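Participant:
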Amino acid sequence: MNFKSLIKAALPAVLAFSALSAQAAPPAEQLLTPKNHTLVLIDHQPQMAFATRSIDVTELRNNVTGLAKAAKVFKVPTILTTVAAKSFSGPIFPELQAVFPEQAPIDRTTMNTWEDQRVVDAVQKNGHKKVVMAALWTEVCLVQPVLSAIDQGYQVYIVTDASGGVTKEAHDMAVQRMVQAGARPVTWLQYMLELQRDWARGETYAPVTKIAAEHGGGYGLGIVYAKEMFNAKEGQK
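For reference, each letter of the sequence shown is one residue, going -24 to -1, 1 to 213 in mature numbering (1 follows the signal peptide of the UniProt record, and there is no 0).
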């Protein structure tokens, strides 16, 4: 076979490979999307925050508010729940309630959210096998429902910087225990950007960058700077 014949014979395979390479690879099944999970925010209340030491409370409040705002932008089913709100722990953080002003938190007596049938029913109603959770405290009111949900076949993600423990060690050991059981740790900003994933998604671009500017620390400040100085837009090439 001469050189021209060899090239002619190989050309279809080369073109097919090029077309295959040009196609976008499917996203990983483990990635969160706006339509594949439920968010559960647990016990973000004053009495729980008073004893939290693994994260600064101001930072914690910033993070959980950013998390909640992101979930709302992407229309993620979100469940708010508290423990002993009237008798001991106090109301949910006001800035968190303000994100979902018409939603009354499910108030419990049990430390394990998963042992309150109303919460489980709300999760099951959404029909998602992925659940994202954040809570105070990590070593009690997060670890217990996380292990329970995993045991019942759910894929559980934990938002570590929207949760906190009474000590750094308590928080860290609880996270280790959950990860060993199969939980997937994320941060609130990681969560939001995973849902956005493509800056060309114009319907959520503006609210996402607004949340980042308000709650994203140095990253958010960079967005403010870029937009003000040269009208930057991430969705454009």
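Even glycine gets a Cβ: it sits at the ideal position worked out from N, Cα and C. Note that the structure is predicted; figures quoted are calculated from it, not measured.
Since W90 and M24 are thought to touch, with beta carbons under 8 Å apart, how far apart are those beta carbons, to the nearest angstrom?
Facilitator: Going by Cβ atoms, the distance from W90 to M24 rounds to 18 Å, so no, they are not a contact pair.
Participant: Keeping to the same chain, check which residues put their C-beta closer than 6 Å to that of P3; ignore five residues upstream and five downstream.
Facilitator: none
Participant: What is the DSSP secondary structure of D83, reduced to helix, strand or coil?
Facilitator: strand
Participant: Would you please state the rounded distance, in angstroms, between the beta carbons of V135 and L56? I believe it to be under 8 Å.
Facilitator: That pair is no contact at about 14 Å.
Participant: Does the beta-carbon of L(-5) have 16 or more other beta-carbons within 10 angstroms, so that it is buried, or is it exposed?
Facilitator: A caution first: L(-5) carries a pLDDT of 47, below 50, which makes its placement in the model too unreliable to give a value.
Participant: Considering only residues of the same chain and omitting the five flanking positions on each side of L123, which have a CB-CB separation below 6 Å?
Facilitator: A157
Participant: Opposite Y133 in the DSSP bridges: which residues?
Facilitator: V108 and R160
Participant: For M109, count neighbouring Cβ atoms within 10 angstroms of its own Cβ and tell me buried if that reaches 16, exposed if not.
Facilitator: buried
Participant: For L15 versus A47, is the C-beta spacing smaller than 8 Å?
Facilitator: yes
Participant: Using only the alpha-carbon positions, how far apart do V162 and Y133 sit?
Facilitator: 7 Å
Participant: Residues in its own chain within less than 8 Å of V200 by CB, not counting five upstream and five downstream?
Facilitator: A189
Participant: Going straight from the alpha carbon of A146 to that of E115, what length do you get?
Facilitator: Approximately 6 Å between the Cα atoms of the pair.
Participant: For a test of the three-state rule: what should DSSP assign to L8, helix, strand or coil?
Facilitator: coil
Participant: In or out: A80 buried (at least 16 other Cβ within 10 Å) or exposed?
Facilitator: exposed
Participant: Quick check on the burial criterion: 16 or more other C-beta atoms within 10 angstroms. Buried or exposed for Q21?
Facilitator: buried
Participant: Please decide whether I187 counts as near chain D, where near means a Cβ-Cβ distance under 8 Å.
Facilitator: In the displayed structure, chain D is absent; only one protein chain is listed.
Participant: For M205, count neighbouring C-beta atoms within 10 Å of its own C-beta (all shown protein chains included) and say buried if the count is 16 or more, exposed if not.
Facilitator: exposed
Participant: Helix, strand or coil, according to DSSP, for V59 in the structure here?
Facilitator: strand
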